[in-house]
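Chains as they are written, first to last, in numbering that gives the first Met the number 0: chain A, 0 to 312; chain B, 0 to 300. Read through the structure below, which is laid out as structure tokens, and then see the notes.
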Amino acid sequence: MSAGARRAAGWVLLIAALALVPLSGTYVTGLAAEVLVFAIFAMSLDLLIGYTGLLSFGHAAFFGVSAYTVVILGLQFGLSGWIGVAAGILVSAVVAAAIGFFSIRVSGIPFLMLTMAFAQLLMAISIKWRSVTGGTDGLSGFQRPTLFGYSLDNRALQFYVVATGFLLVLWFLRRLIASPLGSIFIGIRENEQRMRAAGYPVQRFKLVSFTLAGALAGVGGGLYALQNAFVSSDILHWSLSGDAIIMVILGGTGTIVGPAIGAGMFLLLKNVVSSHTEYWLLWVGIIFILCVMFLPQGVWGWLRARRFGGRTP
Amino acid sequence: MRPGAALHANGEARMEFIATQLVNGVAYGVLLFLMSAGLSLIFGLMNVVNIAHGSFFMLGAFAALSIERWTGSFWLALLLSWIPAVAIGIVMERVFIRKLYGRGHLDQVLLTFGFTFVFVDLVRWIFGADIRELALPDSLTGVIEMGGIIVPRYRLFLIAFGGVVALLLWLFLERSRVGAMVRAGVDDAFTATGIGINVPVLFAAVFALGVGLAAVGGTVAGPILGLYPGMDIEILIPAFIVVVIGGMGSLRGAFVASLFVGLVDTFGKAYFPDFALFMIYLLMVVVLLTRPQGLFGVNRA
């Protein structure tokens, strides 16, 4: 099979598998939708960690800002969730551009701390600005929009909407990485000095990457709001940024698909292990530590290296 | 916004209020110092950002709780509670972190991040999720009146204790032979190896020292902050802010910034409760943007 045919077959298989998910009952469908929402979130973070070499510890900011935008526009102005998601993505991009503008001035550990501090600032606002955000209690009562006359309260429909978003983000990221812009990002990850010496305005490209990643996280956040019809300040907490990092590392940095698999592993662990023991985080921690120690390329990176003999497909 | 109710009280009560906040702020600063001194030294020497540092604070506190329950003595708990944390810390450094020295410090950040999950759930598993209390001996309970101002005895003890630890630490680093090696390692680990300093042993020693300080910090924090799984993160974030402001690797920076953050946080919560959280993070952002190496840090760029 040629590479093109194999890729096409992969897409067909993926779409077919996703199309069949709602047959498996509401519980699995709901869980699968959650996995896909966080897969979008983790994939968007991989653009920073895996492709541009920026370890951000505040990615929840963009996911959360978008989710808040959807719910607040719906509750305060009665706007449809569809407009909300579009606005949410836009707001995430703007916030990411603003935070990125400052954060990319530093790198390494200070970058990590700065992104975390900005996200925590937003969380402090969401906790204290109760009249708009509902504080820690959150905002409920959001009416899900309709699609072709059917309400998104329907689990299967919710899943298809989320799955469509997931496929679009996956497709977009693969195109992006294969594009000249993607090559520049990878160049920055590999050797920032060299890129600078070659005349690339590295700072500007870092900001582009940060903004794009923020907007894509906004896609995830918007879909999260449509799916849950609820948002609270927890969505901006740094532990959510930490969860996304775990998903990316478990699945494999710099692989796009890997973080989606990492999101699946993380949420399955959370849902399956937590039904047997309340100490599921212990197992997440142990698996994560082992992964960092012995499987730094992540589960998908490892599988891919075996399957393709180390070549990048 | 509405100013704190205390502003409306009469002058005498206001003075008393300010004095109380001052004592509380300095006492909190002491706890932050015990955390951030180790965090800062470990980073300065080993380039490791130990996200699990708060976990050792928590482990120290719960070790103290166990010792106090067995022996009934707070003093014995204070004397011994660092031992389990240091033992665990040494194992963590030797078995895990050491393997990653060649791999760049972001992998080490991730590794220690993973450990925070393990430690917090182990504590939850062994001790439960409820808030526990570390009881104080009679000699440390009650209040002392100083010039018309009533001060809890334990806060005064805490401040004195922090002062003594800071002094000992300073003497150790500035006056002892091992301290000189640590300083040499912080300045330039590569050259330090070249002049015959056994860097791996030094790394383990400093990691153990930092972890021990955090555990002692958790023990003395126990009577005022309470013990619960999650106290690790509660102290970790402000301690990180201290290290960022003070400068990674600088003991003096950790000391000054601890008191500063302790006071800003305490007074902020008293006078501007709506903005206290905001102020601390804003402070961190401003320092990171204007002086990423911190107020007392060395520029490594």
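Beta carbons are placed, not taken as given, at the ideal position from N, Cα and C, and that holds for glycine.
Sequence-distant residues of the same chain with beta carbon closer than 6 angstroms to residue i, five excluded per side
i	result
A:Leu-44	His-58, Ala-243 and Val-247
A:Gln-296	Gly-251
A:Ala-228	Phe-141 and Arg-143
A:Thr-311	Low confidence applies to A:Thr-311: its pLDDT is 47, below 50, so where it sits in the model is not reliable, and the reading given next is rough at best. The answer is none, since no qualifying residue turns up.
B:Phe-295	Gly-245, Gly-246, Ser-249, Arg-251 and Gly-252
Residue i versus residue j: straight-line alpha-carbon distance, rounded
i	j	result
B:Pro-2	B:Ser-65	Low confidence applies here, because B:Pro-2 scores a pLDDT of 49, under 50, leaving its location unreliable; read the following figure in that light. Rounded to whole angstroms, B:Pro-2 to B:Ser-65 spans 43 angstroms at the Cα level.
A:Thr-254	A:Leu-46	9 angstroms
A:Ala-18	A:Tyr-159	8 angstroms
A:Gly-77	A:Ala-86	14 angstroms
A:Pro-21	A:Ala-162	11 angstroms
B:Gly-10	B:Ala-18	12 angstroms
B:Pro-237	B:Val-260	8 angstroms
A:Ala-15	B:Gly-246	54 angstroms
A:Gln-192	B:Val-263	40 angstroms
B:Leu-30	B:Gly-252	15 angstroms
B:Gly-267	B:Phe-206	33 angstroms
B:Val-119	B:Ile-87	14 angstroms
B:Asp-106	B:Val-25	35 angstroms
B:Met-0	A:Gly-148	Confidence at B:Met-0 is low in this model, with a pLDDT of 42, below 50, so its placement is unreliable and the value that follows should be read with caution. Rounded to the nearest angstrom, the two C-alpha atoms are 47 angstroms apart.
B:Arg-93	A:Val-291	16 angstroms
A:Ile-288	B:Pro-151	43 angstroms
B:Pro-136	B:Val-164	21 angstroms
A:Val-34	A:Ile-234	16 angstroms
B:Leu-166	B:Gly-216	15 angstroms
B:Val-122	B:Ala-60	11 angstroms
B:Leu-40	B:Val-185	8 angstroms
B:Asp-187	B:Met-45	10 angstroms
B:Ser-54	B:Trp-124	14 angstroms
B:Phe-56	B:Ala-203	18 angstroms
B:Phe-114	A:Gly-284	6 angstroms
B:Ala-269	B:Ile-148	18 angstroms
Interface partners of residue i on chain A, CB under 7 angstroms
i	result
B:Val-48	Ile-108
B:Val-243	Met-112
B:Pro-151	Within chain A, no residue comes near B:Pro-151; the closest Cβ sits about 29 angstroms away, beyond 7 angstroms.
B:Pro-291	Val-105 and Pro-109
Neighbour list for residue i in chain B, Cβ cutoff strictly below 8 angstroms
i	result
A:Pro-295	Arg-102 and Asp-106
A:Ile-288	Phe-95, Leu-110, Gly-113, Phe-114 and Val-117
Within chain A, the residues that residue i reaches when beta carbons sit closer than 8 angstroms
i	result
B:Phe-206	In chain order: nothing, as chain A lies at least about 17 angstroms away.
B:Lys-98	Met-292
B:Asp-273	Lys-127
B:Leu-287	Val-105, Pro-109, Met-112, Leu-113 and Ala-116
B:Val-90	Ordered by position in chain A, no residue passes the 8 angstroms Cβ test against B:Val-90, which lies about 13 angstroms from the chain.
B:Leu-40	The premise fails here: B:Leu-40 is roughly 15 angstroms from chain A at the closest Cβ pair, so nothing lies under 8 angstroms.
B:Val-284	Phe-101, Leu-113, Ala-116, Phe-117 and Leu-120
Contact list for residue i against chain A, beta-carbon separation under 9 angstroms
i	result
B:Pro-237	Ordered by position in chain A, no residue passes the 9 angstroms Cβ test against B:Pro-237, which lies about 11 angstroms from the chain.
B:Leu-79	Near B:Leu-79 there are no residues of chain A at all, since even the closest Cβ is about 26 angstroms away, more than 9 angstroms.
Neighbourhood of residue i by C-beta distance below 7 angstroms, restricted to the same chain and skipping five residues each side
i	result
B:Phe-112	Ile-50
B:Ala-300	With a pLDDT of only 38 at B:Ala-300, under the threshold of 50, the placement of this residue in the model should not be trusted, and no figure is reported.
B:Leu-168	Ala-36 and Leu-250
B:Gly-211	Trp-81, Ala-84 and Val-85
A:Ala-155	Pro-21 and Thr-28
Residues of its chain near residue i, where Cβ-Cβ distance is below 8 angstroms and the 5 sequence neighbours each way are ignored
i	result
A:Ser-79	Gly-73 and Pro-144
A:Val-201	Ile-187, Glu-191, Met-194 and Arg-195
A:Leu-302	none
B:Leu-157	Ala-26, Val-29, Leu-30, Val-219 and Ile-223
B:Tyr-227	Ala-128, Asp-129, Ile-130 and Arg-131
A:Ile-103	Leu-53, Phe-110, Gln-202, Lys-205, Leu-206 and Phe-209
Where residue i meets chain B, residues with beta-carbon distance less than 7 angstroms
i	result
A:Ala-123	Leu-276, Phe-277 and Tyr-280
A:Gln-119	Tyr-280
Give, in chain order, every residue of the region 112-123 of chain B whose Cβ lies closer than 9 angstroms to some Cβ of chain A. For the region 112-123 of chain B, residues whose beta-carbon sits nearer than 9 angstroms to a beta-carbon of chain A comprise Phe-112, Gly-113, Phe-114, Thr-115, Phe-116, Val-117, Phe-118, Val-119, Asp-120, Leu-121 and Arg-123.
Chain B contacts made by the region 236-256 of chain A, where a contact means CB separation under 9 angstroms: From the region 236-256 of chain A, only Trp-237, Ser-238, Gly-241, Ile-244, Ile-245 and Ile-248 have a Cβ closer than 9 angstroms to chain B.
Residues in the region 202-230 of chain B with C-beta within 8 angstroms of chain A's C-beta atoms, listed in sequence order? Hits within the stretch: zero.
Cβ-based contacts, 8 angstroms cut-off: residues of the region 31-62 of chain A near chain B: Within the region 31-62 of chain A, the residues whose Cβ lies closer than 8 angstroms to some Cβ of chain B are Leu-54, listed in chain order.
I'd like the ranges of any alpha helix (DSSP H) spanning at least 4 consecutive residues and lying wholly in the region 102-162 of chain B. Counting only runs that start and end inside the region 102-162 of chain B, the alpha helix (DSSP H) elements of at least 4 residues fall at 104-126.
Any residues in the region 252-284 of chain A with a beta carbon nearer than 7 angstroms to a beta carbon of chain B? Which ones, in chain order? Per Cβ criterion, the list reads Tyr-278, Leu-280, Leu-281, Val-283 and Gly-284.
Contact residues within the region 142-175 of chain A, judged by C-beta distance below 7 angstroms to chain B: The residues in question: there are none.
May I have a chain-ordered list of the beta strand (DSSP E) segments no shorter than 3 residues that lie completely inside the region 152-219 of chain A? Entirely contained in the region 152-219 of chain A, not one beta strand (DSSP E) run reaches 3 residues.
Which residue spans inside the region 189-267 of chain B form an unbroken alpha helix (DSSP H) run of at least 4? Taking 4 residues as the minimum length, the alpha helix (DSSP H) runs contained wholly in the region 189-267 of chain B are 198-224 and 230-245, in order along the chain.
Uninterrupted alpha helix (DSSP H) stretches inside the region 31-119 of chain A (no shorter than 4 residues): Runs found: 59-76 and 80-102.
Suppose only complete runs of 4+ residues qualify. What are the alpha helix (DSSP H) ranges in the region 26-92 of chain B, listed by chain order? Annotation note: the region 26-92 of chain B contains the following uninterrupted alpha helix (DSSP H) runs of length 4 or greater, listed N- to C-terminal: 52-70, 73-79 and 81-90.
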